[in-house]
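J.:
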Amino acid sequence: MNDPARPPLLAAVEAGGTKFVLAVGPAVDQITARHVIPTRMPAETLAEASAWFASQGAISAIGIASFGPVELGTGSSRWGWITNTPKPGWTDCDLAGHFGRALAAPVGFDTDVNGAALAEYRLGAGRGASSLAYITVGTGLGGGLILESQLVHGAAHPEIGHLLPRRPASDLAFPGTCPHHGDCMEGLICGPAIIARWGKPLSDLPADHPGHDIIADYLAQLCHSLIATTAVEIMVLGGGVMKTQGLLERVRARTAALGNGYFPGTARHRIVAPALGEMSGIHGALMLASDALQGA
Ligand code: ZN
Numbered sequence: 033m034n035d036p037a038r039p040p041l042l043a044a045v046e047a048g049g050t051k052f053v054l055a056v057g058p059a060v061d062q063i064t065a066r067h068v069i070p071t072r073m074p075a076e077t078l079a080e081a082s083a084w085f086a087s088q089g090a091i092s093a094i095g096i097a098s099f100g101p102v103e104l105g106t107g108s109s110r111w112g113w114i115t116n117t118p119k120p121g122w123t124d125c126d127l128a129g130h131f132g133r134a135l136a137a138p139v140g141f142d143t144d145v146n147g148a149a150l151a152e153y154r155l156g157a158g159r160g161a162s163s164l165a166y167i168t169v170g171t172g173l174g175g176g177l178i179l180e181s182q183l184v185h186g187a188a189h190p191e192i193g194h195l196l197p198r199r200p201a202s203d204l205a206f207p208g209t210c211p212h213h214g215d216c217m218e219g220l221i222c223g224p225a226i227i228a229r230w231g232k233p234l235s236d237l238p239a240d241h242p243g244h245d246i247i248a249d250y251l252a253q254l255c256h257s258l259i260a261t262t263a264v265e266i267m268v269l270g271g272g273v274m275k276t277q278g279l280l281e282r283v284r285a286r287t288a289a290l291g292n293g294y295f296p297g298t299a300r301h302r303i304v305a306p307a308l309g310e311m312s313g314i315h316g317a318l319m320l321a322s323d324a325l326q327g328a
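Going by my numbering, the sequence shown opens with residue 33, and the numbers climb by one from there.
Dropping the structure here:
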């Protein structure tokens with residue numbers, strides 16, 4: 033399908049634990065083809081993904097926004113690897129190396145949530161701001177962070193989902209589901225933690241169920257911690273749990289109550305839904321590709 037008259041395309045991979053979303057497009061805001069494959073063992077998943085890209089034409093660069101933990105140290109020989117994931121078969125998988133070799137193209141690589149943060153920052157809810165946090169609450173809880181217009185990596189990448197909250201008295205009996213910390217944020221408010229303690233997804237609980245205020249309180253503590261440590265302007269809350277009717281409004285109200293008017297930037301902190309909906313991650317991966325091309 034290589035057509036010499038057609039300019040090369042940017043390629044994007046949103047690598048998740050259950051599916052890989054693949055896309056190509058001529059620019060970061062234009063997806064011309066998209067394909068979803070199930071995540072199986074690395075060899076077959078990566079071979080299927082590479083074959084699809086090969087069928088799309090010439091690729092100028094590829095961006096990968098991946099589940100983790102991942103290695104992002106540019107001086108590391110393991111840059112672009114998934115490292116110690118609990119997902120069977122994927123520990124020490126050289127994701128960036130595979131796609132770089134398969135497509136003979138420069139590779140941009142970051143976490144799935146940093147990718148989504150980048151897309152919301154440049155194309156979505158964060159336009160005009162200089163700082164943004166993207167939090168997804170679903171089967172897990174992850175967060176990506178942009179400060180002073182730069183993705184935050186630090187020694188590796190933030191793990192916002194593993195902040196330790198203050199437990200309300202009405203929720204002390206539940207031990208939490210995080211295999212590492214028990215009752216960290218992820219262990220208390222991800223979808224499986226909600227089902228473990230109340231038997232149903234949050235969206236299926238009656239409107240007067242105490243779970244709504246409990247989950248909103250934890251999320252407000254998370255927002256409060258982000259504001260207190262980073263003064264971030266825009267907090268984008270996405271993922272399946274955030275689709276619960278009224279939850280975003282509860283989180284906003286509770287965050288304001290916790291802050292008690294103290295923070296100097298109070299009027300500039302905003303808690304919003306993703307403007308790009310489910311597309312933040314794949315557009316973010318296209319941006320990682322574009323950035324890699326410009327840096328190549
Ligand atoms: Zn944890």
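Heads up, the beta-carbon is just placed ideally off N, CA and C, and yes, glycines get one too.
If we ignore side chains and look at the alpha-carbon of each, how far apart do T123 and G129 end up?
T.: In the sequence shown, the residue the question calls residue 123 occupies position 91. In the sequence shown, the residue the question calls residue 129 occupies position 97. Cα to Cα, T123 sits roughly 14 Å from G129.
J.: Pick from I246, D236, A86: whose alpha carbon is nearest that of D203?
T.: As a working note, residue 203 is residue 171 in the sequence shown. Of I246, D236, A86, the residue nearest in Cα terms is I246.
J.: Compare the Cα-Cα distances from L220 to each of P238, P197, S235 and report the closest residue.
T.: Position 188 of the sequence shown holds residue 220. The shortest Cα separation from L220 among P238, P197, S235 belongs to P197.
J.: Can you pull every residue whose C-beta falls closer than 6 Å to some heavy atom of ligand 1, listed in chain order?
T.: Selection output, chain order preserved: H194, C210, H212, H213, C216, E218, G219.
J.: Tell me which same chain residues have a C-beta within less than 6 Å of the C-beta of A55, skipping the five on either side of it?
T.: For the purposes of this step, residue 55 is taken as the residue at position 23 of the sequence shown. If we look at A55 and ignore the five residues flanking it on each side, its Cβ neighbours are A44, I63, R66, I314.
J.: Would you call the CB atoms of G156 and G316 closer than 7 Å?
T.: Within the sequence shown, the letter at position 124 stands for residue 156. Within the sequence shown, the letter at position 284 stands for residue 316. Contact flag unset, no.
J.: Is G193 buried or exposed, if buried means 16 or more other CB atoms sit within 10 Å of its CB?
T.: Looking up residue 193 in the sequence shown gives position 161. G193 should be labelled buried.
J.: What is the DSSP secondary structure of K232, reduced to helix, strand or coil?
T.: Taking the sequence shown and counting its residues from 1, the one referred to as residue 232 is at position 200. K232: coil per DSSP, three-state reduction.
J.: Cα separation between G297 and I69?
T.: Numbered from its first residue, the sequence shown carries residue 297 at position 265. Numbered from its first residue, the sequence shown carries residue 69 at position 37. Distance between the alpha carbons of G297 and I69 is about 43 Å.
J.: What does the Cβ neighbour count give for P211, buried or exposed, with the cut at 16 atoms within 10 Å?
T.: If you number the sequence shown from 1, residue 211 lands on position 179. By the neighbour-count rule (16 or more Cβ atoms within 10 Å), P211 is not buried but exposed.
J.: Which partner residues does H67 have in the DSSP bridge list?
T.: Looking up residue 67 in the sequence shown gives position 35. In the DSSP output, where bridge partners are listed per residue, H67 has L54.
J.: Considering just the uninterrupted stretch of the alpha helix (DSSP H) at D245, what are its terminal residues?
T.: Counting from 1 along the sequence shown, the entry for residue 245 is found at position 213. Residues 243-262.
J.: Between P190, I227, R282, which has its C-alpha nearest D144's C-alpha?
T.: As a working note, residue 144 is residue 112 in the sequence shown. When each option's Cα is compared against that of D144, the closest is P190.
J.: Alpha carbons only, please: which of D61, A93, V102, A86 is nearest the one belonging to A47?
T.: The count along the sequence shown starts at 1 and reaches residue 47 at position 15. It is V102 whose Cα lies nearest to the Cα of A47.
J.: Is it the case that the segment 227-238 contacts the segment 269-280, given that we only count it when at least three CB pairs across the two stretches are under 8 Å?
T.: Flag = yes, the segment 269-280 and the segment 227-238 touch.
J.: Identify whether G297 lies in helix, strand or coil by the three-state DSSP scheme.
T.: Translated into positions along the sequence shown, residue 297 becomes position 265. Note: G297 maps to coil in three-state DSSP.
J.: So what does DSSP say about G193, is it helix, strand or coil?
T.: In the sequence shown, residue 193 corresponds to position 161, counting from 1. Three-state DSSP puts G193 in a helix.
J.: Alpha carbon to alpha carbon, what distance is there between R302 and V60?
T.: Translated into the one-based positions of the sequence shown, residue 60 becomes position 28. Translated into the one-based positions of the sequence shown, residue 302 becomes position 270. Whole-angstrom Cα-Cα distance: 25 Å.
J.: Could you give the distance in angstroms between the alpha-carbon of A285 and the alpha-carbon of T168?
T.: If you number the sequence shown from 1, residue 285 lands on position 253. If you number the sequence shown from 1, residue 168 lands on position 136. Computed Cα separation, rounded: 19 Å.
J.: Tell me the DSSP secondary structure of F99 in three-state form.
T.: Taking the sequence shown and counting its residues from 1, one reaches residue 99 at position 67. If DSSP states are grouped into helix, strand and coil, F99 belongs with coil.
J.: I266 bridges to which residues according to DSSP?
T.: Counting from one through the sequence shown, the residue named residue 266 turns up at place 234. Bridge partners of I266: L164, R302.
J.: Given this structure, state the Cα-to-Cα distance separating G293 from M267, to the nearest angstrom.
T.: On the sequence shown, residue 293 is found 261 positions in, with the first residue counted as 1. On the sequence shown, residue 267 is found 235 positions in, with the first residue counted as 1. Taking the straight line joining both Cα atoms gives about 18 Å.
J.: Determine the closest residue to T77 out of L41, G105, C125, W111, with distance taken between C-alpha atoms.
T.: Residue numbering aside, residue 77 sits at position 45 when the sequence shown is read from its first letter. For the residues L41, G105, C125, W111, the minimum Cα distance to T77 belongs to C125.
J.: On a CA-only basis, which of G140, G89, E180, A90 is nearest G112? Give me that one, please.
T.: Locating residue 112 in the sequence shown gives position 80, counting from the first residue. The shortest Cα separation from G112 among G140, G89, E180, A90 belongs to G140.
J.: Consult DSSP for W84 and reduce its assignment to one of helix, strand or coil.
T.: For this step, residue 84 is matched to residue 52 along the sequence shown. Helix.
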